[in-house]
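Protein chains: 2
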Amino acid sequence: MSRATPARPGRPTINDVARAAGVSRATVSRVINDVAGASPSIRTRVRSVAAELGYQPSAAARALATGRTRTIEVIATSFGPFGGWLGAHPYYSRVLAGAMSALEGTDTQLRVHAISAERALEAVDALAEDVTAGALLANVTPELSMRFYQRCRRVISLVPTASAVPTLEVDNIAGALMAVTHLHRLGRRRIAAIHGPENNTCAEQRRDGYRSAIEGFGLLELSADGGFTREGGHDAARQLLDRHPEIDALFVACDLMAAGAVQAITASGRRVPEDVAVIGFDDSIAASCANPLLSTIRLPIEEMAAEATRMLLNGGPAFGYRKRYPVELILRESTPPAVV
Amino acid sequence: MSRATPARPGRPTINDVARAAGVSRATVSRVINDVAGASPSIRTRVRSVAAELGYQPSAAARALATGRTRTIEVIATSFGPFGGWLGAHPYYSRVLAGAMSALEGTDTQLRVHAISAERALEAVDALAEDVTAGALLANVTPELSMRFYQRCRRVISLVPTASAVPTLEVDNIAGALMAVTHLHRLGRRRIAAIHGPENNTCAEQRRDGYRSAIEGFGLLELSADGGFTREGGHDAARQLLDRHPEIDALFVACDLMAAGAVQAITASGRRVPEDVAVIGFDDSIAASCANPLLSTIRLPIEEMAAEATRMLLNGGPAFGYRKRYPVELILRESTPPAVV
DNA sequence: GCTAGAGGCGAGAGCGGTTTCAGGTGAAGA
DNA sequence: TCTTCACCTGAAACCGCTCTCGCCTCTAGC
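In the order they appear, the protein sequences are chains H and L. UniProt numbering puts the first residue of the first sequence at 1, with every later residue one more than the last. UniProt numbering puts the first residue of the second sequence at 1, with every later residue one more than the last.
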């Protein structure tokens, strides 16, 4: 044995197929890849031999020869230990689910990466160098995604980011406006808000939307920070209610926080939606696990991730491509039925 | 241009580094991989040249040469469209989060695969052939995982499965027993259950645990199927309550269903936990989004996935390896405080 | 019957690494 | 001073596949 380890022990290679079929490697390759230049009779022969041998082309060799790996990368910045990001927030699962659905039937694979805040720069550089089919940025800051884009063009951000980076985003501002407007139409006048973390563009836009709506109605702004976690939402709601017992509505920047907020509200002896109406954001699983069911702003995350994936598969979007998805107000039980 | 496309356009290869450092490719390889056989002075020179050029070894070439790709596969059978699996059930996110955490600092990547029920056989065969570092089976049936194992040994199941397949599993039966026993100790005597889907080993074990507990206490079995979805849990609870209004406790085989069940219970005018006590299973995000907070059986999914990943990285477990993780009863608000 | 052209086919050169093997060097030991 | 040996180092084979290029055959056209 001259070599250390045979690559994939026992597995037939293209050479085995070629030999068994009595043709050259080139011909087998042509047949396998459905490329012109092989007669029908040879095609069927090669195909049957390949099937018989259980031949499966090596992804590594193929990647090396062609220069492209068929892999889509999903990249998310992570906070804290496990449970910290993917495990905790439904958003990421939805991104993965959407991307996976677009990959079905393709020979492209999906890889998941977490980049920790501490060594984000190196991580971004390393990842960007290694992208082949394309990368989806799930929650990457504008600075980092710009850096990524400079090193690798085949990338799409799923959150608002630097203008050069192709983005599929949601109309966060309109969503927040929609929510606050609905609460106002219901007759609520003390509409507080629980926001997401700083330096998160989605959170910022939702905050801006809330503020401009509040301002437009001439109401008083009442904000707290919930950090996009359930606990944060719970604590923020309790604080708000303690300080401003007159609050009669709550706009919460994500359903996870909203679920916590609802718990805090009912724990304080108030009823949802009679005393405090609540509208969340995302329409994630958290909205349907909460009790009462959360009224929320629906985001088509899966569709966005799927479309982004398809774009990457087709060569990627152009410089500065930007598509904004509309959001939808979903009314469930955490808001009272609208008066006619 | 004799070749079609250079592999990774513009990126320095090992040849560039070798030339710039005035050494051979072999030496560069030794330095990069920290293999003995290069003098310290050359090591530092090569390293600095590599850094300067921004050299990053090609994963594809490396995989081809060594025969192993550094990739862990997470495999789940999917049901329905997106949202169908990964997007809907918190379990999968936890598996991913656990696996990711074990991969941190490693050069190993994580890939996610969904195999649809229709073409499961082919999918399993294809995947098994392509496994390199190892595969984690998140929710694969015993038959399929056995088939997988026959084709590729580097695999660990995270759910109970065929005895030959290495498994890291949870003590589902003990968990169900624990839950029902607690409800019984609280004085509840009409303890119904909502189970998971057929041909799901976890669901079966939890059902068995419930039944043997009920039998042990000499109580009446009251079961319904909730299919591991929130809607299913909701509907099952409503049906159970309609048919058996005397029910005073509910054991639900996963938190997602339990969240739905709680909604159905309160919608029927009953109170949780005063009228109906509820214990879920998993301690997933659904448990903490529900209102009231769910008492549940905690499963260390993240830890299991992390440990499984580590085992795979270290060469994989032995034939028939089996580790059973203990579960823990977490008491929150959906059960009344225990009487002393 | 002869030539041109088209299409099928194989040889062979990469893709970017890893690893063996042989040679070369210098220090230690005889 | 001459071996011996350990330690570096580079040449070259190889991993499995793709793709160009040139040869060969066969058909169509004159």
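We treat Cβ as the ideally placed atom computed from N, Cα and C, and that holds for glycine. Given the structure is predicted, the values throughout are model-derived calculations rather than measurements.
query, result
"Kindly give me the distance between the Cβ atoms of Thr66(H) and Val46(H), rounded to whole angstroms, as I take these residues to be in contact under 8 Å.", "Contact doesn't hold; Cβ gap of about 20 Å is too wide."
"With a threshold of 16 other CB atoms inside 10 Å of the CB of His182(L), please say whether the residue is buried or exposed.", "buried"
"Tell me which same chain residues have a C-beta within less than 6 Å of the C-beta of Cys152(L), skipping the five on either side of it?", "Ala128, Val131"
"Where does Ser284(L) sit, in a helix, a strand or coil, going by DSSP?", "coil"
"Answer yes or no: the CB of Ala123(L) versus the heavy atoms of the ligand FMN, is any distance below 7 Å?", "With respect to the ligand FMN, the structure offers nothing, as it holds no ligand at all."
"Could you check which residue in Arg70(H), Gly187(H), Asp171(H) has the C-alpha nearest to that of Gln205(H)?", "Asp171(H)"
"Specify the secondary structure class of Phe319(H) as computed by DSSP and reduced to three states.", "coil"
"If I follow the unbroken beta strand (DSSP E) through residue 343(H), where does it start and stop?", "With chain H covering 1 to 340 only, the question about residue 343(H) has no answer from this structure."
"Name the chain H residues whose beta carbon is nearer than 9 Å to that of Glu328(L)?", "Simply none; closest approach about 16 Å."
"Taking one C-beta from the segment 54 to 72 of chain L and one from the segment 253 to 268 of chain H each time, how about it: are there three or more such pairs within less than 8 Å?", "no"
"Count the other CB atoms within 10 Å of the CB of Glu73(H); is the residue buried (16 or more) or exposed (fewer)?", "buried"
"Label Asp242(H) either buried or exposed according to how many other C-beta atoms from any shown protein chain fall within 10 Å of its C-beta, with 16 as the threshold for buried.", "exposed"
"Looking only at its own chain, which residues have a Cβ that is under 8 Å from the Cβ of Ala164(H), when we skip the five neighbours before and after it?", "Met146, Tyr149, Phe319, Gly320"
"Please decide whether Val262(L) counts as near chain H, where near means a Cβ-Cβ distance under 8 Å.", "yes"
"Do you know whose CA, among Leu312(L), Pro142(L), Glu231(L), Ala237(L), lies nearest Ala88(L)'s CA?", "Glu231(L)"
"For the segment 136 to 158 of chain H, enumerate the residues whose C-beta is nearer than 7 Å to any C-beta of chain L, in chain order.", "none"
"Taking C-beta pairs closer than 7 Å, name the residues in chain H that Asn291(L) reaches, listed in chain order.", "Val262, Gln263, Thr266, Ala290, Asn291"
"For Leu299(H), which residues of its own chain have a beta-carbon under 7 Å away from its beta-carbon, when the five flanking residues on both sides are left out?", "Val170, Asp282, Asp283, Val327"
"Quick one: which residues of the segment 85 to 116 of chain H get their C-beta closer than 8 Å to a C-beta of chain L? List them in chain order.", "Trp85, Leu86, Gly87, Ala88, Pro90, Tyr92, Ser93, Arg94, Leu96, Ala97, Gly98, Met100, Ser101, Glu104, Gln109, Leu110, Arg111, Val112, His113, Ala114, Ser116"
"Would you kindly report the start and end of the unbroken beta strand (DSSP E) that includes His195(H)?", "191 to 195"
"Is the segment 277 to 297 of chain H in contact with the segment 303 to 310 of chain L, if contact means three or more CB pairs nearer than 8 Å?", "no"
"With 8 Å set as the bound, which would you pick, yes or no: does the beta-carbon of Ala14(L) sit closer than that to a beta-carbon of chain H?", "Checking the sequence, you will find Ile at residue 14(L) rather than Ala. With 8 Å as the cut-off, Ile14(L) does not count as an interface residue toward chain H."
"Roughly how many angstroms lie between the CA atoms of Thr44(H) and Gly105(H), to the nearest whole one?", "23 Å"
"Check whether the Cβ atoms of residue 348(H) and Ala192(H) sit closer than 8 Å, and answer yes or no.", "The shown model of chain H, from 1 to 340, leaves out residue 348(H), and the question about it has no answer."
"Would you say Asp130(L) reaches chain H, if we count a Cβ-Cβ gap shorter than 8 Å as a contact?", "yes"
"Assign residue 360(L) to buried or exposed, taking buried as 16 or more other Cβ atoms, counted over all protein chains shown, within 10 Å of its Cβ.", "The question about residue 360(L) has no answer, for chain L in this structure spans 1 to 340."
"Helix, strand or coil: how does DSSP classify Ile214(L) here?", "helix"
"Does DSSP put Ile156(L) in a helix, a strand or coil?", "strand"
"Could you give the DSSP three-state label for Ser2(L): helix, strand or coil?", "With a pLDDT of 40 at Ser2(L), under the threshold of 50, the modelled position of that residue is not reliable, and no figure is offered here."
"Mind checking the UniProt domain \"HTH lacI-type\" (12 to 66) of chain L against chain H and listing, in chain order, the residues whose C-beta falls within less than 9 Å of any C-beta there?", "Gly54, Gln56, Ser58, Ala59, Ala60, Ala61, Arg62, Ala63, Leu64, Ala65, Thr66"
"Anything in the segment 268 to 285 of chain H with a Cβ closer than 7 Å to a Cβ of chain L? List those residues in chain order, please.", "Ile285"
"Residue range of the beta strand (DSSP E) that Ser78(L) falls in?", "71 to 78"
"For chain L, find out if any of its Cβ atoms is closer than 8 Å to the Cβ of Ala259(H); answer yes or no.", "yes"
"With H, G and I counted as helix, E and B as strand and the rest as coil, what does DSSP make of Tyr325(L)?", "strand"
"What's the gap between the Cα of Leu136(H) and the Cα of Ile156(H)?", "5 Å"
"I'd like to confirm the pairing. Which residues does DSSP put opposite Ser223(L) in its beta bridges?", "Ala193(L)"
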